[in-house]
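In this note's numbering, the protein residues as written are 37 to 469.
#1: Where residue 146 and residue 197 are concerned, what is the direct C-alpha to C-alpha distance, given to the nearest angstrom?
#2: Taking the CB atoms as reference points, tell me whether residue 59 and residue 67 lie closer together than 7 Å.
#3: Quick one: Cα of residue 467 to Cα of residue 234, how far?
#4: Tell me, please, which residues DSSP counts as bridged to residue 173.
#5: Near residue 383, what residues of its chain come up, given a Cβ to Cβ distance below 7 Å and the 5 sequence neighbours on each side ignored?
#6: How is residue 321 classed by DSSP in three states: helix, strand or coil?
#7: Nearest-angstrom Cα distance between residue 363 and residue 267?
#8: By a C-beta neighbour count over all protein chains shown, 10 Å radius and 16 as the cutoff for buried, is residue 256 buried or exposed?
#9: For residue 441, which beta-bridge partners are listed by DSSP?
#10: With a threshold of 16 other CB atoms inside 10 Å of the CB of residue 155, please say whether the residue is buried or exposed.
#11: Reducing DSSP to helix, strand and coil, say where residue 364 ends up.
#12: Name, in chain order, the residues that DSSP records as bridge partners for residue 68.
#13: Let me check understanding here. Comparing Cα to Cα, which of 102, 86 and 462 lies closest to residue 24?
#14: Note down the Cα distance separating residue 161 from residue 176, rounded to an integer number of angstroms.
#15: Three or more C-beta pairs closer than 8 Å, one from the segment 439-452 and one from the segment 219-230: is that the case here?
#16: CA-CA distance, residue 112 and residue 106?
#17: In the segment 74-161, which residue ranges form an unbroken beta strand (DSSP E) of at least 3 residues, counting only runs that do not cross its ends?
#18: On the DSSP bridge list, what partners appear for residue 296?
#19: Starting from the Cα of residue 284, find the closest Cα among 324, 183, 213 and 417 and give me that residue.
#20: Report the CB separation of residue 357 from residue 277 in whole angstroms; it is logged as a contact under 8 Å.
#21: Whole angstroms are fine: how far does the CA of residue 316 sit from the CA of residue 90?
#22: Rounding to the nearest angstrom, what Cα-Cα distance links residue 217 and residue 393 in this structure?
#23: Within 10 Å of its beta-carbon, does residue 187 have 16 or more other beta-carbons around it, so buried, or fewer, so exposed?
#24: Suppose contacts are defined by Cβ-Cβ distances below 7 Å. Is residue 295 in contact with residue 92 by that definition?
#25: Taking the alpha-carbon positions, what's the residue 259 to residue 168 distance?
#26: Residue 165 by DSSP, collapsed to three states: which one?
#27: What residue range is occupied by the uninterrupted alpha helix (DSSP H) comprising residue 262?
#28: Can you grab the Cα-Cα spacing for the pair residue 164 / residue 133, in whole Å?
#29: Run through DSSP, which three-state label would residue 247 get?
#30: How many whole angstroms separate the CB atoms of residue 288 and residue 114, which I take to be in contact at a CB cut-off of 8 Å?
#31: Quick check: residue 309 and residue 271, are their CB atoms within less than 7 Å of each other?
#32: If you count every other CB in all the chains shown that lies within 10 Å of the CB of residue 427, and 16 or more means buried, which is it?
#33: Does residue 240 come out as helix, strand or coil in the three-state DSSP assignment?
#34: Could you give the first and the last residue of the continuous beta strand (DSSP E) run that contains residue 408?
#35: Can you check which of these residues, 185, 421 and 322, is closest to residue 251 by C-alpha distance?
#36: Kindly give me the distance between the Cβ atoms of residue 406 and residue 413, rounded to whole angstroms, as I take these residues to be in contact under 8 Å.
So this is what it looks like as C-alpha coordinates:
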(Lines of atoms letter the chains of each structure in order from A and count residues from 1; the text may use other names and numbers.)
(Lines give C-alpha, C1' and ligand atoms only; values in the text may rest on other atoms or scores of the structure.)
Protein backbone atom coordinates (compact mmCIF):
# COMPACT_ATOMS: atom_id res chain seq x y z
CA UNK A 1 0.00 0.00 0.00
CA UNK A 2 1.53 3.29 -1.03
CA UNK A 3 -0.43 5.57 1.27
CA UNK A 4 1.06 7.00 4.46
CA UNK A 5 -0.86 5.04 7.07
CA UNK A 6 0.10 7.45 9.83
CA UNK A 7 -1.75 10.37 8.29
CA UNK A 8 -4.46 8.91 6.08
CA UNK A 9 -7.63 6.98 6.64
CA UNK A 10 -7.77 3.33 5.63
CA UNK A 11 -10.80 1.54 4.24
CA UNK A 12 -12.73 -1.38 5.68
CA UNK A 13 -13.34 -3.02 2.32
CA UNK A 14 -12.82 -6.63 1.37
CA UNK A 15 -12.51 -7.71 -2.26
CA UNK A 16 -15.59 -10.01 -2.38
CA UNK A 17 -15.27 -14.34 -0.56
CA UNK A 18 -14.56 -18.31 2.38
CA UNK A 19 -15.61 -20.34 5.35
CA UNK A 20 -15.40 -22.53 7.98
CA UNK A 21 -12.79 -24.09 10.08
CA UNK A 22 -13.87 -26.81 12.50
CA UNK A 23 -16.82 -26.95 14.81
CA UNK A 24 -15.95 -28.67 18.09
CA UNK A 25 -17.94 -30.63 20.63
CA UNK A 26 -17.48 -29.37 24.19
CA UNK A 27 -17.52 -31.76 27.18
CA UNK A 28 -20.97 -30.39 28.10
CA UNK A 29 -22.34 -31.49 24.71
CA UNK A 30 -22.58 -28.12 22.98
CA UNK A 31 -21.00 -27.36 19.63
CA UNK A 32 -18.81 -24.30 19.16
CA UNK A 33 -16.34 -22.91 16.64
CA UNK A 34 -12.72 -22.54 17.72
CA UNK A 35 -12.68 -18.77 17.12
CA UNK A 36 -15.79 -18.15 19.23
CA UNK A 37 -14.52 -20.32 22.10
CA UNK A 38 -11.15 -18.56 21.98
CA UNK A 39 -12.74 -15.09 21.95
CA UNK A 40 -15.12 -16.02 24.79
CA UNK A 41 -12.30 -17.34 26.99
CA UNK A 42 -10.25 -14.22 26.34
CA UNK A 43 -13.25 -12.13 27.37
CA UNK A 44 -13.59 -14.13 30.61
CA UNK A 45 -9.91 -13.60 31.40
CA UNK A 46 -10.24 -9.86 30.81
CA UNK A 47 -13.14 -9.88 33.26
CA UNK A 48 -10.81 -11.36 35.87
CA UNK A 49 -12.39 -14.81 35.73
CA UNK A 50 -10.08 -17.80 35.92
CA UNK A 51 -12.79 -20.42 35.30
CA UNK A 52 -13.72 -21.05 31.69
CA UNK A 53 -17.40 -21.77 31.06
CA UNK A 54 -19.52 -22.77 28.08
CA UNK A 55 -21.10 -19.69 26.41
CA UNK A 56 -23.83 -21.60 24.57
CA UNK A 57 -27.54 -21.39 25.35
CA UNK A 58 -28.97 -24.54 26.89
CA UNK A 59 -32.48 -25.20 25.59
CA UNK A 60 -33.16 -27.86 28.20
CA UNK A 61 -32.32 -25.44 31.05
CA UNK A 62 -33.53 -22.33 29.21
CA UNK A 63 -30.41 -20.40 30.22
CA UNK A 64 -26.76 -19.98 29.33
CA UNK A 65 -25.03 -23.34 29.84
CA UNK A 66 -22.18 -22.11 32.05
CA UNK A 67 -20.63 -25.58 32.40
CA UNK A 68 -17.03 -25.33 33.60
CA UNK A 69 -14.55 -26.30 30.86
CA UNK A 70 -11.13 -27.76 31.75
CA UNK A 71 -8.22 -25.65 30.56
CA UNK A 72 -6.80 -28.57 28.57
CA UNK A 73 -10.11 -28.82 26.74
CA UNK A 74 -9.87 -25.11 25.90
CA UNK A 75 -6.35 -25.50 24.50
CA UNK A 76 -7.49 -28.32 22.22
CA UNK A 77 -10.82 -26.98 21.02
CA UNK A 78 -9.98 -23.28 20.85
CA UNK A 79 -6.87 -24.22 18.85
CA UNK A 80 -4.64 -21.91 20.85
CA UNK A 81 -1.26 -21.19 19.32
CA UNK A 82 1.81 -21.50 21.54
CA UNK A 83 1.85 -17.71 21.87
CA UNK A 84 -1.85 -17.55 22.79
CA UNK A 85 -1.45 -20.40 25.27
CA UNK A 86 1.47 -18.63 26.94
CA UNK A 87 -0.56 -15.43 27.20
CA UNK A 88 -3.56 -17.28 28.66
CA UNK A 89 -1.36 -18.99 31.23
CA UNK A 90 0.32 -15.74 32.24
CA UNK A 91 -3.09 -14.20 32.93
CA UNK A 92 -4.28 -17.32 34.75
CA UNK A 93 -1.14 -17.23 36.90
CA UNK A 94 -1.66 -13.58 37.73
CA UNK A 95 -5.31 -14.19 38.63
CA UNK A 96 -4.36 -17.13 40.84
CA UNK A 97 -1.68 -15.10 42.58
CA UNK A 98 -4.13 -12.25 43.14
CA UNK A 99 -6.48 -14.56 45.05
CA UNK A 100 -3.67 -15.69 47.34
CA UNK A 101 -1.89 -12.45 48.15
CA UNK A 102 -1.59 -8.75 47.53
CA UNK A 103 1.17 -8.60 44.92
CA UNK A 104 2.58 -6.45 42.12
CA UNK A 105 5.10 -6.94 39.33
CA UNK A 106 8.58 -5.76 40.29
CA UNK A 107 9.79 -3.07 37.83
CA UNK A 108 13.25 -4.61 37.89
CA UNK A 109 12.58 -8.28 37.11
CA UNK A 110 8.76 -8.39 36.53
CA UNK A 111 8.34 -11.18 39.05
CA UNK A 112 5.35 -11.14 41.41
CA UNK A 113 6.23 -9.54 44.74
CA UNK A 114 4.02 -9.64 47.83
CA UNK A 115 3.94 -6.66 50.17
CA UNK A 116 4.79 -7.77 53.71
CA UNK A 117 3.59 -4.60 55.43
CA UNK A 118 0.35 -3.10 54.06
CA UNK A 119 1.22 0.24 55.68
CA UNK A 120 4.60 0.58 53.99
CA UNK A 121 4.84 1.55 50.31
CA UNK A 122 8.51 0.50 50.19
CA UNK A 123 8.71 -3.13 49.00
CA UNK A 124 11.77 -5.38 48.90
CA UNK A 125 12.34 -7.61 45.84
CA UNK A 126 14.54 -10.56 46.78
CA UNK A 127 15.02 -11.66 43.15
CA UNK A 128 16.48 -8.31 42.07
CA UNK A 129 18.48 -8.04 45.28
CA UNK A 130 20.13 -11.42 44.57
CA UNK A 131 20.84 -10.55 40.93
CA UNK A 132 22.30 -7.14 41.77
CA UNK A 133 24.09 -8.25 44.91
CA UNK A 134 22.54 -5.34 46.78
CA UNK A 135 19.08 -4.61 48.20
CA UNK A 136 16.50 -3.54 45.65
CA UNK A 137 13.32 -1.76 46.69
CA UNK A 138 10.45 -0.38 44.67
CA UNK A 139 7.42 1.78 45.38
CA UNK A 140 4.13 -0.07 45.71
CA UNK A 141 2.31 3.03 44.55
CA UNK A 142 4.14 4.21 41.41
CA UNK A 143 5.90 0.85 40.75
CA UNK A 144 9.32 2.45 40.20
CA UNK A 145 12.64 1.92 41.97
CA UNK A 146 12.32 3.33 45.48
CA UNK A 147 13.60 6.78 46.43
CA UNK A 148 13.46 8.06 50.00
CA UNK A 149 13.22 6.59 53.52
CA UNK A 150 12.73 2.81 53.60
CA UNK A 151 10.58 2.29 56.69
CA UNK A 152 6.93 3.16 57.38
CA UNK A 153 6.89 5.11 54.15
CA UNK A 154 3.60 6.62 52.95
CA UNK A 155 5.16 8.23 49.89
CA UNK A 156 8.34 7.80 47.87
CA UNK A 157 10.35 10.65 46.37
CA UNK A 158 9.81 9.72 42.72
CA UNK A 159 8.35 12.61 40.76
CA UNK A 160 4.60 12.27 40.40
CA UNK A 161 4.17 9.61 43.09
CA UNK A 162 1.29 10.28 45.43
CA UNK A 163 -0.71 8.33 48.00
CA UNK A 164 -3.43 6.09 46.63
CA UNK A 165 -6.22 8.10 48.24
CA UNK A 166 -5.25 11.07 46.09
CA UNK A 167 -5.48 9.05 42.91
CA UNK A 168 -8.54 9.16 40.72
CA UNK A 169 -9.36 7.30 37.55
CA UNK A 170 -9.84 9.47 34.51
CA UNK A 171 -13.33 10.95 34.79
CA UNK A 172 -15.94 10.15 32.19
CA UNK A 173 -16.58 12.82 29.58
CA UNK A 174 -20.24 11.84 29.50
CA UNK A 175 -22.62 14.69 30.26
CA UNK A 176 -25.07 13.25 32.79
CA UNK A 177 -28.80 13.68 32.65
CA UNK A 178 -30.39 15.73 35.41
CA UNK A 179 -33.10 13.91 37.39
CA UNK A 180 -35.54 16.76 36.88
CA UNK A 181 -35.12 16.52 33.10
CA UNK A 182 -35.94 12.80 33.14
CA UNK A 183 -38.99 13.43 35.35
CA UNK A 184 -40.14 16.19 33.01
CA UNK A 185 -39.76 14.04 29.88
CA UNK A 186 -41.56 11.09 31.46
CA UNK A 187 -44.34 13.38 32.61
CA UNK A 188 -44.77 15.19 29.29
CA UNK A 189 -44.15 12.35 26.83
CA UNK A 190 -44.77 9.23 28.86
CA UNK A 191 -46.67 7.33 26.14
CA UNK A 192 -44.08 8.25 23.50
CA UNK A 193 -40.96 7.15 25.42
CA UNK A 194 -39.67 3.62 25.92
CA UNK A 195 -39.66 2.68 29.60
CA UNK A 196 -36.28 3.28 31.22
CA UNK A 197 -35.21 1.36 34.31
CA UNK A 198 -33.56 3.42 37.02
CA UNK A 199 -29.89 2.73 37.71
CA UNK A 200 -29.65 0.02 40.36
CA UNK A 201 -27.96 -3.35 41.00
CA UNK A 202 -31.05 -5.11 39.68
CA UNK A 203 -30.81 -3.45 36.26
CA UNK A 204 -28.80 -5.69 33.91
CA UNK A 205 -28.05 -3.80 30.70
CA UNK A 206 -25.92 -5.77 28.22
CA UNK A 207 -24.02 -4.77 25.09
CA UNK A 208 -22.24 -7.06 22.63
CA UNK A 209 -19.12 -5.67 20.95
CA UNK A 210 -17.48 -7.74 18.17
CA UNK A 211 -14.20 -6.40 16.82
CA UNK A 212 -12.46 -8.26 13.98
CA UNK A 213 -8.89 -6.97 13.76
CA UNK A 214 -6.62 -9.74 12.51
CA UNK A 215 -7.59 -11.55 9.30
CA UNK A 216 -5.97 -14.55 7.65
CA UNK A 217 -6.12 -13.19 4.12
CA UNK A 218 -6.92 -9.48 4.52
CA UNK A 219 -4.94 -6.62 6.00
CA UNK A 220 -4.98 -5.93 9.73
CA UNK A 221 -7.56 -3.28 10.64
CA UNK A 222 -5.16 -0.75 12.11
CA UNK A 223 -6.94 1.69 14.41
CA UNK A 224 -9.69 -0.80 15.31
CA UNK A 225 -8.33 -1.09 18.86
CA UNK A 226 -9.04 2.63 19.35
CA UNK A 227 -12.64 2.16 18.19
CA UNK A 228 -12.99 -0.78 20.58
CA UNK A 229 -11.57 1.18 23.48
CA UNK A 230 -13.77 4.23 22.82
CA UNK A 231 -17.01 2.31 22.29
CA UNK A 232 -16.45 -0.04 25.24
CA UNK A 233 -15.86 2.99 27.49
CA UNK A 234 -18.93 4.81 26.15
CA UNK A 235 -21.20 1.79 26.63
CA UNK A 236 -19.91 1.23 30.17
CA UNK A 237 -20.46 4.91 30.95
CA UNK A 238 -24.04 4.50 29.69
CA UNK A 239 -24.58 1.64 32.14
CA UNK A 240 -24.06 -1.41 29.92
CA UNK A 241 -21.96 -4.46 30.77
CA UNK A 242 -19.95 -5.06 27.61
CA UNK A 243 -19.36 -8.57 26.23
CA UNK A 244 -16.26 -8.02 24.08
CA UNK A 245 -15.33 -10.67 21.51
CA UNK A 246 -12.50 -10.36 19.00
CA UNK A 247 -11.59 -11.99 15.70
CA UNK A 248 -14.61 -14.13 14.83
CA UNK A 249 -15.53 -16.01 11.68
CA UNK A 250 -19.00 -15.53 10.19
CA UNK A 251 -20.13 -18.70 11.99
CA UNK A 252 -18.58 -17.39 15.21
CA UNK A 253 -20.41 -14.05 14.88
CA UNK A 254 -23.69 -15.83 14.16
CA UNK A 255 -23.31 -18.10 17.21
CA UNK A 256 -22.18 -15.25 19.48
CA UNK A 257 -25.21 -13.10 18.59
CA UNK A 258 -27.54 -16.09 18.97
CA UNK A 259 -26.17 -16.79 22.46
CA UNK A 260 -26.29 -13.09 23.35
CA UNK A 261 -29.98 -12.97 22.39
CA UNK A 262 -30.73 -15.69 24.97
CA UNK A 263 -28.93 -14.10 27.92
CA UNK A 264 -31.06 -14.10 31.06
CA UNK A 265 -29.99 -10.54 31.89
CA UNK A 266 -32.20 -9.13 29.13
CA UNK A 267 -35.28 -9.77 31.26
CA UNK A 268 -33.91 -7.28 33.80
CA UNK A 269 -32.82 -4.78 31.15
CA UNK A 270 -34.56 -2.00 29.26
CA UNK A 271 -32.48 -2.13 26.04
CA UNK A 272 -29.34 -3.52 24.41
CA UNK A 273 -26.56 -2.52 22.03
CA UNK A 274 -24.87 -4.69 19.41
CA UNK A 275 -21.71 -3.17 17.91
CA UNK A 276 -19.75 -4.83 15.09
CA UNK A 277 -16.44 -3.68 13.60
CA UNK A 278 -14.90 -5.52 10.66
CA UNK A 279 -14.04 -5.54 6.98
CA UNK A 280 -17.12 -5.86 4.82
CA UNK A 281 -18.58 -5.95 1.35
CA UNK A 282 -21.91 -5.56 -0.46
CA UNK A 283 -23.27 -8.83 0.91
CA UNK A 284 -22.29 -8.55 4.56
CA UNK A 285 -19.56 -8.44 7.21
CA UNK A 286 -16.30 -10.35 6.76
CA UNK A 287 -15.25 -13.07 9.14
CA UNK A 288 -11.56 -13.40 9.90
CA UNK A 289 -11.16 -16.29 7.41
CA UNK A 290 -12.60 -14.38 4.46
CA UNK A 291 -10.65 -15.10 1.26
CA UNK A 292 -11.30 -13.08 -1.88
CA UNK A 293 -10.06 -15.73 -4.32
CA UNK A 294 -12.55 -18.39 -3.27
CA UNK A 295 -16.06 -17.74 -4.60
CA UNK A 296 -17.53 -21.00 -3.29
CA UNK A 297 -17.05 -20.59 0.44
CA UNK A 298 -17.46 -17.04 1.73
CA UNK A 299 -16.72 -16.31 5.37
CA UNK A 300 -19.29 -13.54 5.17
CA UNK A 301 -21.86 -12.76 7.87
CA UNK A 302 -25.22 -11.50 6.65
CA UNK A 303 -26.53 -8.62 8.76
CA UNK A 304 -30.07 -9.98 8.41
CA UNK A 305 -29.12 -12.55 11.04
CA UNK A 306 -28.65 -9.86 13.70
CA UNK A 307 -32.30 -8.90 13.34
CA UNK A 308 -33.38 -12.55 13.17
CA UNK A 309 -31.64 -13.43 16.44
CA UNK A 310 -32.93 -10.37 18.30
CA UNK A 311 -36.50 -10.38 16.99
CA UNK A 312 -39.56 -11.04 19.14
CA UNK A 313 -39.80 -14.87 18.77
CA UNK A 314 -36.05 -15.48 19.23
CA UNK A 315 -35.33 -12.91 21.94
CA UNK A 316 -38.35 -12.64 24.25
CA UNK A 317 -36.20 -11.01 26.95
CA UNK A 318 -35.94 -7.88 24.78
CA UNK A 319 -39.54 -7.83 23.60
CA UNK A 320 -40.82 -4.23 23.38
CA UNK A 321 -37.34 -2.94 24.29
CA UNK A 322 -35.00 -0.90 22.06
CA UNK A 323 -32.25 -2.84 20.30
CA UNK A 324 -29.56 -0.53 18.93
CA UNK A 325 -27.15 -1.82 16.27
CA UNK A 326 -23.98 -0.05 15.13
CA UNK A 327 -21.88 -1.47 12.29
CA UNK A 328 -18.52 -0.20 11.06
CA UNK A 329 -17.55 -1.88 7.78
CA UNK A 330 -17.35 -1.16 4.09
CA UNK A 331 -20.30 -2.17 1.95
CA UNK A 332 -18.57 -2.10 -1.43
CA UNK A 333 -15.87 -0.24 -3.30
CA UNK A 334 -17.65 2.76 -4.73
CA UNK A 335 -16.77 6.22 -3.60
CA UNK A 336 -19.09 7.87 -1.14
CA UNK A 337 -19.53 11.03 -3.20
CA UNK A 338 -19.35 11.98 -6.85
CA UNK A 339 -15.78 13.22 -6.48
CA UNK A 340 -14.22 10.86 -3.90
CA UNK A 341 -13.09 7.36 -1.73
CA UNK A 342 -12.82 3.09 3.14
CA UNK A 343 -27.49 -4.94 3.06
CA UNK A 344 -30.88 -5.79 3.97
CA UNK A 345 -36.00 -6.18 5.27
CA UNK A 346 -40.10 -8.26 6.69
CA UNK A 347 -43.04 -8.14 9.14
CA UNK A 348 -46.15 -9.82 10.53
CA UNK A 349 -48.67 -9.49 13.24
CA UNK A 350 -50.24 -11.09 15.99
CA UNK A 351 -47.11 -9.76 17.66
CA UNK A 352 -44.75 -7.99 15.30
CA UNK A 353 -41.84 -10.25 14.52
CA UNK A 354 -39.36 -7.41 14.03
CA UNK A 355 -39.77 -4.18 15.93
CA UNK A 356 -37.99 -1.79 18.31
CA UNK A 357 -34.78 -1.82 16.24
CA UNK A 358 -32.57 1.06 15.24
CA UNK A 359 -29.50 0.33 13.12
CA UNK A 360 -26.83 2.82 12.08
CA UNK A 361 -24.34 1.72 9.44
CA UNK A 362 -21.05 3.52 8.92
CA UNK A 363 -21.72 4.10 5.21
CA UNK A 364 -24.38 3.81 2.52
CA UNK A 365 -24.72 0.66 0.36
CA UNK A 366 -21.88 -0.12 -2.06
CA UNK A 367 -19.55 2.51 -0.59
CA UNK A 368 -16.44 2.49 1.55
CA UNK A 369 -15.95 3.32 5.23
CA UNK A 370 -12.85 5.15 6.46
CA UNK A 371 -10.64 4.25 9.41
CA UNK A 372 -7.57 6.11 10.69
CA UNK A 373 -4.68 3.83 11.80
CA UNK A 374 -4.21 5.75 15.07
CA UNK A 375 -7.49 7.52 15.83
CA UNK A 376 -9.87 4.79 14.67
CA UNK A 377 -12.82 5.09 12.29
CA UNK A 378 -14.43 8.41 11.44
CA UNK A 379 -17.77 6.74 12.22
CA UNK A 380 -17.05 5.81 15.83
CA UNK A 381 -15.13 9.01 16.49
CA UNK A 382 -18.26 11.01 15.69
CA UNK A 383 -20.68 8.59 17.40
CA UNK A 384 -18.69 8.68 20.65
CA UNK A 385 -18.30 12.46 20.63
CA UNK A 386 -21.99 13.11 19.97
CA UNK A 387 -23.20 10.57 22.54
CA UNK A 388 -20.92 11.98 25.22
CA UNK A 389 -22.15 15.52 24.64
CA UNK A 390 -25.83 15.07 23.75
CA UNK A 391 -27.16 11.75 25.14
CA UNK A 392 -28.29 13.53 28.32
CA UNK A 393 -31.04 15.37 26.42
CA UNK A 394 -31.53 13.70 23.00
CA UNK A 395 -33.21 10.41 22.08
CA UNK A 396 -31.33 7.84 20.01
CA UNK A 397 -32.73 8.88 16.63
CA UNK A 398 -31.83 12.51 17.27
CA UNK A 399 -28.32 11.41 18.25
CA UNK A 400 -28.03 9.49 14.99
CA UNK A 401 -29.36 12.50 13.07
CA UNK A 402 -26.60 14.59 14.62
CA UNK A 403 -24.05 11.99 13.46
CA UNK A 404 -25.35 12.22 9.89
CA UNK A 405 -25.32 16.00 10.04
CA UNK A 406 -21.71 15.99 11.26
CA UNK A 407 -20.68 13.76 8.36
CA UNK A 408 -22.53 15.98 5.89
CA UNK A 409 -20.59 18.99 7.18
CA UNK A 410 -17.13 17.50 7.74
CA UNK A 411 -16.78 14.14 5.92
CA UNK A 412 -17.66 14.58 2.24
CA UNK A 413 -16.31 11.11 1.38
CA UNK A 414 -18.58 9.08 3.65
CA UNK A 415 -22.20 9.14 4.82
CA UNK A 416 -23.61 6.81 7.51
CA UNK A 417 -27.19 5.69 7.14
CA UNK A 418 -30.00 4.35 9.31
CA UNK A 419 -31.53 1.04 8.30
CA UNK A 420 -34.44 -1.08 9.42
CA UNK A 421 -35.43 1.36 12.10
CA UNK A 422 -38.65 0.19 13.74
CA UNK A 423 -38.69 2.21 16.93
CA UNK A 424 -42.27 3.14 17.72
CA UNK A 425 -41.28 5.46 20.58
CA UNK A 426 -38.40 7.70 21.58
CA UNK A 427 -35.50 5.96 23.27
CA UNK A 428 -33.64 8.10 25.80
CA UNK A 429 -30.50 6.78 27.47
CA UNK A 430 -30.78 9.14 30.49
CA UNK A 431 -27.05 8.70 31.31
CA UNK A 432 -26.27 8.50 35.01
CA UNK A 433 -29.84 7.73 36.03
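In this text, a Cβ means the ideal position worked out from N, Cα and C, and glycines have one as well.
According to the structure data:
#1: About 20 Å.
#2: Yes, the Cβ-Cβ distance between residue 59 and residue 67 is below 7 Å.
#3: Going from the Cα of residue 467 to the Cα of residue 234 covers about 10 Å.
#4: Answer is 160, bridged to residue 173.
#5: Because residue 383 sits at a pLDDT of 38, beneath the cut-off of 50, its placement in the model cannot be relied upon, and the point is left open.
#6: Reduced to three states, the DSSP call for residue 321 is strand.
#7: CA-to-CA, the gap between residue 363 and residue 267 works out to about 12 Å.
#8: Flag for residue 256 reads exposed.
#9: For residue 441, which the question treats as bridged, DSSP gives no partner whatsoever.
#10: So residue 155 ends up on the exposed side.
#11: If DSSP states are grouped into helix, strand and coil, residue 364 belongs with the strands.
#12: According to DSSP, which records beta bridges pairwise, residue 68 is partnered with 60.
#13: The first residue shown for the chain is 37 and the last is 469, placing residue 24 beyond what the model contains.
#14: Roughly 11 Å separates the two Cα atoms.
#15: Using a C-beta cut-off of 8 Å, the segment 439-452 makes no contact with the segment 219-230, since fewer than three inter-stretch Cβ pairs fall below that distance.
#16: Rounded to the nearest whole angstrom, the CA to CA distance from residue 112 to residue 106 is 10 Å.
#17: Fully enclosed beta strand (DSSP E) runs of 3 or longer: 139-141, 148-150 and 158-160.
#18: Partner(s): none; residue 296 has no beta bridge.
#19: Of the listed residues, the one whose Cα sits closest to residue 284 is 324.
#20: That pair is no contact at about 16 Å.
#21: Approximately 29 Å, taken between the alpha carbons.
#22: Cα to Cα, the separation comes out at about 25 Å.
#23: Exposed, since its Cβ has fewer than 16 Cβ neighbours within 10 Å.
#24: Less than 7 Å divides the Cβ of residue 295 from the Cβ of residue 92.
#25: Cα to Cα, the separation comes out at about 41 Å.
#26: The answer is helix: DSSP assigns residue 165 an H, G or I state.
#27: Segment 260-273, the alpha helix (DSSP H) holding residue 262.
#28: Taking the straight line joining both Cα atoms gives about 19 Å.
#29: If DSSP states are grouped into helix, strand and coil, residue 247 belongs with the strands.
#30: In this structure, residue 288 and residue 114 do not form a Cβ contact; the two beta carbons are roughly 11 Å apart against a cut-off of 8 Å.
#31: Going by C-beta atoms, residue 309 is nearer than 7 Å to residue 271.
#32: Buried is the call here.
#33: Three-state result, residue 240: coil.
#34: From DSSP, the beta strand (DSSP E) with residue 408 extends over 406-408.
#35: Ranked by Cα distance from residue 251, the first of 185, 421 and 322 is 322.
#36: Confirmed, Cβ separation roughly 7 Å.
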